[in-house]
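Chains as they are written, first to last, in our numbering: chain U, 156 to 516; chain D, 4 to 365. Since the structure comes first, as structure tokens, the remarks are kept for the end.
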Amino acid sequence: MRIHFKTSYEHDIRLFPDRWSFGVYAALLILAVLLPFLIGEFYLGEVTNVLIWAIAGLGLMLLTGQTGQASLGHAAFLAVGCYANTILIEQGVPFIIAFPLAGVITGLVGVVIAIPVLRLHGIYLAIATIALSILADDIIVLLEPWTGGVSGKFPEVINIFGFEIERWTMPTRFYYLVLVVTVVCTLFYRNLLRSPLGRAFAAVRDSEVSATAMGVHIARTKGTAFGLSCMITGWAGALMGYYAGTFNNETFSLVISITLLMMIVIGGLGSIHGAFFGAVVVAFLPQALSIGKDLFIGGSVAIPGLETGVFGLILILFILFEPMGIYGRWMKIRIWFELFPFARKDMFKRQKSYLKTERLR
Amino acid sequence: MTLRNSSTPAKLTLGRKLLSRIDRKKTYSLVCFSSAVTKTPSLKKGACGSRRAAREEIGQDTARPGWREDNLDVLQLLVSGLANGCVYGLIALGFVLIYKATEAVNFAQGDFMMLGAFITLGLTNAHHMGLPFWVAAPLAIGIMALLGYLLDFFVLRHLFGQSQTAVVILTIALGFVIRFVAGVIWGHEPQTLESPLALGDIKMGGVVLGMADVAVIVVTVLLTLFLYQFFQRTKLGLAMQAASQNQMAAYYMGVPVKRVQGMIWGLAGAVAAVAGILFASKGAIDPNAGLLGIKAFAAAVIGGFGSLPGALAGGLIVGVIEPFAARYLAAGYSQIAPYALLLAVLIFRPHGLFSQVRVKKV
């Protein structure tokens, strides 16, 4: 067991608690950089998909896991990011400017939407964001001159100072692009958590009343969280557009929103690891299912709704038996080994809480 | 604040003794909120009133033949809108029931409705079980009530005390699972229910009313009235409200909170089955019919979660807006209308038109 002696406040907010964990993450990064030399192009594409979902997951995690506001409308922001990026590039803005700008635009859109919506909380917020997700589909169709409506759009080849990146013909280059964005977003998230703002997010999540008492401006904090969350989601959306190669009003549907939320719940709410674990599940589940189907009932039989059904079932089991998600389970196993003979059974028992109405506050 | 499990039964029995000693009314008035609902106008009047007004309109129209066609058209839209709205209202009733009693929202209520419709279909239709409709319908309602209770017993009870978001996500996932199961059992092709309600039309003035539409409206209004009275007047109804407002206080007052919550899920299942039967009588159903639930959300929110007549009113508003928007707005804008209304209500009156939220006095 490693014991951290904290001798200053700086120690408490270090990026890595000790050399060992720094080493682990460095090794992981090196592995990620070397990955194109280790696996084939098909699997590289799948890993790219995982990373893109993980970025989107990080975006939603910031809002749901960190600030405690459930959103079922993040597909709308994926769409905003994707369309903003493509339209900017079509207007002649170079990728290196258009891509960050797309995220910022999405963030601003998010803030504008957050101002009225964040007065709501709990289920009302969830319902408002569902409406948002449905409206996004129709609004994309209505804005046809810009968005191409039902026929959709095709993102152009990425061009960074003459260096071309394309998803299908050069998957390795696209993988590195996504990897860079992932690392930047992860570091951004991690550093945000160390800042006063990140602590304010957590305070709002845990108790709005206590957060107010500690001098946190609730509405402003929630708005900022929504904006930053949408910014990261916007980047993920832009990458998703490149990954898909074509997109229209139906690409970013309500199902994507719901999948995103479920993904971070399965991964483990409130942790960076959770976003990545969840992304692995979401990206590889369809493959795993089709392999399983080939084995058991033959590949030709199509079962509509199988993926979402199995996904739903996994989610129900997780909420019932492991509300902390995959990351929670991983933590428990790790701590069990770290403390070896001393781990107790009820170490992770939640405090029982009793419900009071929201209607009388 | 922690309350250990072991100490609850003792307190519960104490509560029961207290309960038996104190007058029932007094006991519950401690925990039950004085109803803001009573202020809301009864909806039966609303629905019937508009129909009566409609009939009067027809009378006037015959006097002025030039207006006739146009107004009849409006009337036809209104009636079909009301009938659709009643289905939304019934699903919304299910949301509200569960929200009122457990403060959770069942995002799978639309899929419950779909399941109820398919169970009835499976029992009634000739190529399935072939039971007579009037046997199959109560049976299906019973099965759905049982399913609702079992769902609470085996799944939701384990979430006791977890955040609302957990329940939201769980019920969304449940919706996926139900849709998948229904697809596997009954297939994905749209099917029609062989329902006696679906036969025949009634001609009133120049308006053609489907029997199914009339049945939907009548059953919905009756059911809402019944449930409304149930929550206002009966001991169980008050116990359900008490359990949602403050679980612990309800325990102390002798309300068996867990069993009450199970019952409410059963009741919601039964209401969903009724909605499903009526919906299936109006047209074909397929496993994706549950997505109708999203419109019912709009209904429940517009009515203010927590008010039964509000849910029906919201359903009617959404139901009526839809055909009119489709008729008078440009193609792209019409399907937005209900959701735009939902967002507008959420932004300007976040707790619905029939709000129950009041600021707690310290």
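Every residue gets a Cβ at the ideal spot worked out from N, C-alpha and C, and that includes glycine.
Pair within 8 Å by beta-carbon distance, residue i and residue j
| i | j | result |
| --- | --- | --- |
| U/Leu416 | D/Ile172 | yes |
| U/Gly307 | U/Thr401 | yes |
| U/Ile285 | U/Gly228 | yes |
| U/Val333 | U/Leu394 | yes |
| U/Ala368 | U/Gln224 | no |
| D/Ala143 | D/Ile280 | yes |
| D/Val277 | D/Leu226 | yes |
| U/Gly220 | U/Ile419 | yes |
| U/Leu275 | D/Pro290 | no |
| D/Ile220 | D/Ala314 | no |
| U/Gly236 | U/Ala257 | yes |
| U/Ser366 | U/Val205 | Note that residue 366 of chain U corresponds to Ala in the displayed sequence, not to Ser. No. |
| U/Lys487 | U/Phe473 | no |
| D/Gly355 | D/Val323 | no |
| D/Ala176 | U/Leu470 | yes |
| U/Ala230 | U/Phe407 | yes |
| D/Ile288 | D/Met117 | yes |
| D/Ala316 | D/Gly306 | yes |
Contacts around residue i, its chain only, beta-carbon distance under 7 Å, and the 5 residues preceding and following it disregarded
| i | result |
| --- | --- |
| U/Ala209 | Thr337, Ala430, Phe431 and Ala434 |
| D/Pro326 | Leu80, Ser83 and Gly84 |
| D/Phe233 | Gly240 |
| D/Thr41 | Because D/Thr41 sits at a pLDDT of 33, beneath the cut-off of 50, its placement in the model cannot be relied upon, and the following sentence gives the value as read from the coordinates. Answer for D/Thr41: no residue qualifies. |
| U/Phe491 | First, the residue type needs correcting, since residue 491 of chain U is Trp and not Phe in the sequence shown. Counting only Cβ-Cβ distances below 7 Å, and skipping sequence neighbours, we find Ala498. |
| U/Leu181 | This sequence places Ala at residue 181 of chain U; Leu is not what is there. Same-chain partners within the cutoff: there are none. |
| D/Ala107 | Ile101, Gln167 and Val170 |
| U/Phe160 | none |
Cβ-Cβ separation, residue j to residue i (assumed contact under 8 Å), whole Å
| i | j | result |
| --- | --- | --- |
| U/Leu186 | U/Leu199 | Not confirmed; about 13 Å, so no contact. |
| U/Leu213 | U/Gly392 | Not confirmed; about 13 Å, so no contact. |
| D/Leu344 | D/Ala301 | 7 Å |
| D/Asp114 | D/Arg182 | 6 Å |
| D/Lys298 | D/Val321 | 6 Å |
| U/Tyr397 | U/Pro310 | 5 Å |
| D/Thr174 | D/Ala95 | That belief does not hold up - the Cβ atoms of D/Thr174 and D/Ala95 are roughly 15 Å apart, past 8 Å. |
| U/Ser384 | U/Leu217 | 4 Å |
| U/Thr241 | U/Gly389 | Contact doesn't hold; Cβ gap of about 12 Å is too wide. |
| U/Gly304 | U/Asn404 | 7 Å |
| D/Gln338 | U/Asp293 | 6 Å |
Start-to-end residues for the beta strand (DSSP E) that takes in residue i
| i | result |
| --- | --- |
| U/Ile320 | Phe318 to Ile320 |
| U/Asn346 | Note, U/Asn346: premise wrong, no beta strand (DSSP E); alpha helix (DSSP H) at Pro326 to Arg349. |
| U/Asn314 | Ile313 to Ile315 |
Residue-level contact to chain C via CB, residue i, 8 Å cutoff
| i | result |
| --- | --- |
| U/Met418 | No chain C appears in this structure, whose protein chains are U and D. |
Cβ neighbours of residue i in the same chain (closer than 6 Å, five flanking residues each side left out)
| i | result |
| --- | --- |
| D/Phe121 | Ala185 and Trp189 |
| D/Ala148 | Gly269, Gly272 and Ala273 |
| U/Val272 | Ala283 |
| U/Ala355 | Val371 and Thr376 |
| D/Cys89 | Val219, Ile220 and Thr223 |
Opening and closing residue of the alpha helix (DSSP H) in which residue i lies
| i | result |
| --- | --- |
| U/Asn204 | Glu196 to Met216 |
| U/Trp175 | Arg174 to Leu193 |
| D/Ala242 | Lys238 to Gln248 |
| D/Phe282 | Val260 to Lys285 |
| U/Phe439 | Ile427 to Ile452 |
| U/Asn240 | His229 to Glu245 |
| U/Val272 | Phe250 to Val272 |
| D/Pro312 | Leu311 to Tyr331 |
| U/Asp292 | Ile278 to Leu297 |
Residues near residue i by beta carbon distance below 8 Å, same chain, minus five either side
| i | result |
| --- | --- |
| D/Gly151 | Phe115, Trp268, Gly269, Leu270, Ala271, Gly272, Ala273 and Ala275 |
| U/Gly382 | Gly262, Leu263, Gly265, Val266 and Ala269 |
| U/Trp301 | Tyr238 and Ile242 |
| U/Ile427 | Leu213, Met216, Thr341, Tyr344 and Arg345 |
When you check each C-beta in the region 160 to 179 of chain D against every C-beta of chain U, which residues fall closer than 8 Å? Under the 8 Å Cβ criterion, the region 160 to 179 of chain D contributes His161, Leu162, Gly164, Gln165, Gln167, Thr168, Ala169, Val171, Ile172, Leu173, Ile175, Ala176, Leu177, Gly178 and Phe179.
Scan the region 334 to 348 of chain D for residues whose Cβ lies nearer than 8 Å to a Cβ of chain U and list them as they occur along the chain. Shown in chain order are the members of the region 334 to 348 of chain D whose Cβ falls below 8 Å from a Cβ of chain U: Gly335, Tyr336, Gln338, Ile339, Tyr342, Ala343, Leu345 and Leu346.
Taking a cut of 7 Å between CB atoms, which residues from the region 268 to 297 of chain U lie near chain D? Here the close residues are Pro271, Arg274, Leu275, Gly277, Ile278, Tyr279, Ala281, Ile282, Ala283, Ile285, Ala286, Ile289, Leu290, Asp293, Val296 and Leu297.
Using a Cβ cut-off of 8 Å, which residues of the region 177 to 190 of chain U contact any Cβ in chain D, in chain order? For the region 177 to 190 of chain U, the set of positions with a beta-carbon nearer than 8 Å to some beta-carbon of chain D is empty.
Residues of the region 291 to 312 of chain D with Cβ closer than 8 Å to any Cβ of chain U, in chain order: Along the region 291 to 312 of chain D, the positions whose C-beta sits under 8 Å from a C-beta of chain U are Ile297, Phe300, Ala301, Val304, Phe308 and Gly309, read in chain order.
For the region 206 to 225 of chain U, which residues have a beta carbon sitting closer than 7 Å to at least one beta carbon of chain D? For the region 206 to 225 of chain U, which is checked against every Cβ of chain D, the residues closer than 7 Å are Ala225.
Return the residues of the region 179 to 196 of chain D that lie within a Cβ-Cβ distance of less than 8 Å from chain U, sorted by chain order. Per Cβ criterion, the list reads Phe179, Val180, Arg182, Phe183, Val184, Gly186, Val187 and His191.
Identify each residue in the region 426 to 439 of chain U for which the Cβ-Cβ distance to at least one residue of chain D is less than 9 Å, and report them in chain order. Cβ contacts with chain D: none found.
Contacting positions in the region 254 to 281 of chain D - beta carbon closer than 7 Å to chain U: Residues of the region 254 to 281 of chain D with a Cβ closer than 7 Å to any Cβ of chain U: none.
Chain U contacts from the region 96 to 129 of chain D (Cβ-Cβ distance under 7 Å): Residues Glu106 and Val108.
Quick one: which residues of the region 147 to 158 of chain D get their C-beta closer than 8 Å to a C-beta of chain U? List them in chain order. For the region 147 to 158 of chain D, the beta-carbon criterion of a distance under 8 Å to any beta-carbon of chain U is satisfied by Val158.
Residues of the region 212 to 225 of chain D with a CB closer than 8 Å to any CB of chain U: list them in chain order, please. Listed by position, the residues of the region 212 to 225 of chain D near chain U (Cβ gap below 8 Å) amount to none.
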